[in-house]
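Visitor:
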Amino acid sequence: MGYIRAKDVLVEFRIYGASSRSLKKTFIRAATGGVLAKDAADHPIVRALDHVSFEIREGERIGVTGHNGSGKTTLLRVIAGAYEPLSGALDIQGRVASMLSVGLGMDMEASGLENIYLRAAIMGLRRSEIDTLIDDVAAFAELGDYLEMPMRTYSSGMAMRLAFAVSTNVPADIVVMDEWLSVGDEEFSSKAQKRLRGTIDKARVLVLASHDLALLKSNCTRIIRLDHGQIVSDQPVSAYS
Amino acid sequence: MNTLAGPRSISLAIRDVKDGLLNVPVWSMLAWQEVRQRYRRSMLGPFWLTISMGALVAGMGPLYGRLFGQDLGEYFPYLAIGIVVWQLMASLINDSTQVFIGAEQYIKQIRLPFTIHVMRMVWRNAIIFGHNLVIVLLVLIFFLPTWAWWAPLSILGMAAILINGVWIGLLFGLVCARFRDIAQIISSVVQIAFFFTPVMWKPEMLGRHQWAAQVNPLHHLLEVVRGPLLGARPSVTSWAVVVLITAAGFAFTTLLFSRYRARIAYWV
Numbered sequence: 001m002g003y004i005r006a007k008d009v010l011v012e013f014r015i016y017g018a019s020s021r022s023l024k025k026t027f028i029r030a031a032t033g034g035v036l037a038k039d040a041a042d043h044p045i046v047r048a049l050d051h052v053s054f055e056i057r058e059g060e061r062i063g064v065t066g067h068n069g070s071g072k073t074t075l076l077r078v079i080a081g082a083y084e085p086l087s088g089a090l091d092i093q094g095r096v097a098s099m100l101s102v103g104l105g106m107d108m109e110a111s112g113l114e115n116i117y118l119r120a121a122i123m124g125l126r127r128s129e130i131d132t133l134i135d136d137v138a139a140f141a142e143l144g145d146y147l148e149m150p151m152r153t154y155s156s157g158m159a160m161r162l163a164f165a166v167s168t169n170v171p172a173d174i175v176v177m178d179e180w181l182s183v184g185d186e187e188f189s190s191k192a193q194k195r196l197r198g199t200i201d202k203a204r205v206l207v208l209a210s211h212d213l214a215l216l217k218s219n220c221t222r223i224i225r226l227d228h229g230q231i232v233s234d235q236p237v238s239a240y241s
Numbered sequence: 001m002n003t004l005a006g007p008r009s010i011s012l013a014i015r016d017v018k019d020g021l022l023n024v025p026v027w028s029m030l031a032w033q034e035v036r037q038r039y040r041r042s043m044l045g046p047f048w049l050t051i052s053m054g055a056l057v058a059g060m061g062p063l064y065g066r067l068f069g070q071d072l073g074e075y076f077p078y079l080a081i082g083i084v085v086w087q088l089m090a091s092l093i094n095d096s097t098q099v100f101i102g103a104e105q106y107i108k109q110i111r112l113p114f115t116i117h118v119m120r121m122v123w124r125n126a127i128i129f130g131h132n133l134v135i136v137l138l139v140l141i142f143f144l145p146t147w148a149w150w151a152p153l154s155i156l157g158m159a160a161i162l163i164n165g166v167w168i169g170l171l172f173g174l175v176c177a178r179f180r181d182i183a184q185i186i187s188s189v190v191q192i193a194f195f196f197t198p199v200m201w202k203p204e205m206l207g208r209h210q211w212a213a214q215v216n217p218l219h220h221l222l223e224v225v226r227g228p229l230l231g232a233r234p235s236v237t238s239w240a241v242v243v244l245i246t247a248a249g250f251a252f253t254t255l256l257f258s259r260y261r262a263r264i265a266y267w268v
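Chains as they are written, first to last, in the numbering used here: chain R, 1 to 241; chain B, 1 to 268.
#1: With respect to the alpha helix (DSSP H) encompassing Pro-236/R, which residues constitute its N-terminal and C-terminal limits?
#2: Buried or exposed for Ala-251/B, going by 16 or more other Cβ atoms inside 10 Å?
#3: Beta carbon of Ile-308/R, beta carbon of Ile-56/R: below 8 Å?
#4: Taking only runs of the alpha helix (DSSP H) that begin and end inside the region 163-218 of chain R, which ones reach a length of at least 4 residues, in chain order?
#5: Please tell me whether Met-158/R and Met-106/R are closer than 8 Å, where the distance is taken between their beta carbons.
#6: How big is the Cα-Cα spacing for Leu-22/B and Ile-116/B?
#7: Can you tell me whether DSSP reads Ile-4/R as helix, strand or coil?
#8: What would DSSP say about Gly-88/R, mapped onto helix, strand or coil?
#9: With 8 Å set as the bound, which would you pick, yes or no: does the beta-carbon of Glu-129/R sit closer than that to a beta-carbon of chain B?
#10: Using only the alpha-carbon positions, how far apart do Leu-100/R and Asn-164/B sit?
#11: In this structure, how does DSSP classify Pro-234/B when only helix, strand and coil are distinguished?
#12: Are there 16 or more other CB atoms within 10 angstroms of the CB of His-220/B, so buried, or fewer, so exposed?
#13: Whole-angstrom Cβ separation of Trp-167/B and Trp-27/B, contact assumed at under 8 Å?
#14: Assign Ala-37/R to buried or exposed, taking buried as 16 or more other Cβ atoms, counted over all protein chains shown, within 10 Å of its Cβ.
#15: Would Met-29/B pass as an interface residue toward chain R - the criterion being a Cβ-Cβ separation below 8 Å?
#16: Can you tell me the Cα-Cα spacing of Met-89/B and Gly-227/B, whole angstroms?
#17: Would you be able to state if there are at least three C-beta pairs under 8 Å between the region 47-63 of chain R and the region 202-210 of chain R?
#18: Using the Cβ count rule (16 or more neighbours within 10 Å means buried), how would you classify Lys-194/R?
#19: Going along chain R in order, which residues have a C-beta closer than 9 Å to the C-beta of Ile-107/B?
#20: Considering Cα atoms alone, identify which of Arg-161/R, Ile-174/R, Ile-200/R, Val-137/R is closest to Glu-186/R.
#21: May I have the straight-line CA-CA distance separating Pro-113/B from Gln-230/R, to the nearest angstrom?
#22: Assuming the contact rule is C-beta atoms closer than 8 Å, Arg-40/B and Glu-109/R should be a hit. Round their C-beta distance to whole Å, please.
#23: Looking only at C-alpha atoms, which of Lys-202/R, Met-123/R, His-211/R sits nearest to Asp-173/R?
#24: Between Asp-95/B and the rest of its own chain, which residues show a CB-CB distance below 7 Å, the 5 nearest in sequence each way excluded?
#25: Please give me, in chain order, every unbroken run of the alpha helix (DSSP H) with length at least 4 that falls completely inside the region 10-61 of chain B.
#26: For the region 19-49 of chain B, which residues have a beta carbon sitting closer than 7 Å to at least one beta carbon of chain R?
#27: Return helix, strand or coil for Ile-161/B, following the three-state DSSP convention.
Okay, structure coming up:
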């Protein structure tokens, strides 16, 4: 099952500056009386998603594009479940794999093996599920005996390979990705691409954010363009050719 | 925007707590990893904490026993257990302020119940406390305080402290994510509270001012662990206070957490 429906989703951030995010000011404001109403106006508000509505059905491959700060990452984080919209309705059906940061939760002092467990557990896998995929991850990451070594002894390429191997091995209905992942040297890279392609093909829904229109055109079925937190266009990819 | 927590947000909050508590593999793994990370490559690992605390207790025992004119055989176990339990309470409170701020990376990337970050903190402190229990055991063996059949009640007391750590973590974590200087206030208050709580001294020493200890909830939390181990009769008052603050703490936290749970991701 993979289905997402967003209706009038609003996400906005109040910017609490270093000094205004303090109790002192709230107290002083409360004490000076009558100014409390200004509270909301006191902090600048950034509207990251401005009443966004869309529906993504099973099988769709969505590309999200737009300038820096247009709300792409925020949209992905909303779909990943990190930000709950301040208002509007959001319905997500299916297991979401957030590939916003593949190395999340990995610990440089722990061994590669421990990190596989750590990372996969954070992504929602049970221990028994992890046990079954551990050989596959180990083989794919090509780390051999290094798997028993602390991750700090890895080169950055090796660390990336491990993180990538785990993240792409978690079965998911909805894959959320910020820019196309690419890792490793040339040889590994093509293997990684094949792997990533496999994960994505298995997923029911892909939401991929990128600046690269060509990339979106070749991987997606539909492209949503954001600007200032609003959807300015939402068309099938065929409309772009 | 409504100012009260609606039924929907309350049920979402309760689900967060339930899912968080039940996800034992993740929080226990994260907690262990944190403890290990701190002591990786050191031979004694977390026992370094035990050793430094043991040294503190060993030094303070005779000194304060003398200052207060106490019989060392009785005072030393009192102080040792007191300090070990105080350490647990103090670090639960202090670490609470960072549970969500410190988990920013997780909170912004992935959907996990917020309670997982709290449980990770509580469990980490439970692990460290477990190491420090060695001191309590040694003291009990060497000083052989009056053994009473109700001594195991003390384990229930330890559980009570850890359970209170859950709402404290949710509450302080939430408030400190929004108001960053509250953490500073809390750590000062905890520091001062050490002297105002009967850790080093006994309530009886206050004479007719014993109320000063009785009104201190931390005293009762400490007493439900320390009392039974030293042979004191289980104190109905202390247990009543502990049950009361646990219930009140969870009730108040539920209200606040329901109202602001969804905001935490925006604040960290």
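Note that CB positions come from ideal geometry on N, CA and C, so glycine has one too.
Guide: Per the coordinate set shown:
#1: Here Pro-236/R belongs to no alpha helix (DSSP H); instead the beta strand (DSSP E) covers 230-236.
#2: Sixteen is the threshold: since fewer than 16 other Cβ atoms of the shown chains lie within 10 Å of the Cβ of Ala-251/B, the residue is exposed.
#3: A question about residue 308/R goes unanswered here, because the residues of chain R that appear run from 1 up to 241.
#4: DSSP runs (the alpha helix (DSSP H)) wholly in the region 163-218 of chain R: 186-202.
#5: Cβ atoms of Met-158/R and Met-106/R: not closer than 8 Å.
#6: For the pair Leu-22/B and Ile-116/B, the Cα-to-Cα distance works out to about 9 Å.
#7: Correct three-state label for Ile-4/R: strand.
#8: Gly-88/R: strand per DSSP, three-state reduction.
#9: Chain B has no Cβ within less than 8 Å of the Cβ of Glu-129/R.
#10: Leu-100/R and Asn-164/B have their C-alpha atoms some 35 Å from each other.
#11: Secondary structure of Pro-234/B (DSSP, three-state): coil.
#12: His-220/B comes out buried.
#13: The C-beta separation of Trp-167/B from Trp-27/B comes to about 16 Å, leaving the pair out of contact by the 8 Å criterion.
#14: Residue confidence is low: Ala-37/R scores 34 on pLDDT, short of 50, so the model does not pin down where it sits. Its coordinate-derived value is still stated next. The residue in question, Ala-37/R, is exposed, as its Cβ has fewer than 16 Cβ neighbours within 10 Å.
#15: At least one chain R Cβ lies under 8 Å of Met-29/B.
#16: Computed Cα separation, rounded: 16 Å.
#17: The region 202-210 of chain R vs the region 47-63 of chain R: in contact.
#18: So Lys-194/R ends up on the exposed side.
#19: One finds Ala-82 in chain R with Cβ atoms closer than 9 Å to the Cβ of Ile-107/B, taken in chain order.
#20: In terms of Cα proximity to Glu-186/R, the closest of Arg-161/R, Ile-174/R, Ile-200/R, Val-137/R is Arg-161/R.
#21: Distance from the CA of Pro-113/B to the CA of Gln-230/R, rounded to the nearest whole angstrom, comes to 29 Å.
#22: Rounded, the Cβ-Cβ distance is 4 Å, consistent with contact.
#23: The residue with the shortest Cα to Cα distance from Asp-173/R is Lys-202/R.
#24: In chain order, Met-121, Asn-125 place their CB closer than 7 Å to the CB of Asp-95/B, counting only its own chain and leaving out the 5 sequence neighbours on each side.
#25: Entirely contained in the region 10-61 of chain B, the alpha helix (DSSP H) runs reaching 4 residues are, in chain order, 24-39.
#26: The residues in question are Pro-25, Val-26, Met-29, Gln-33, Gln-37, Arg-40.
#27: In the structure shown, Ile-161/B sits in a helix (DSSP, three-state: H, G or I).
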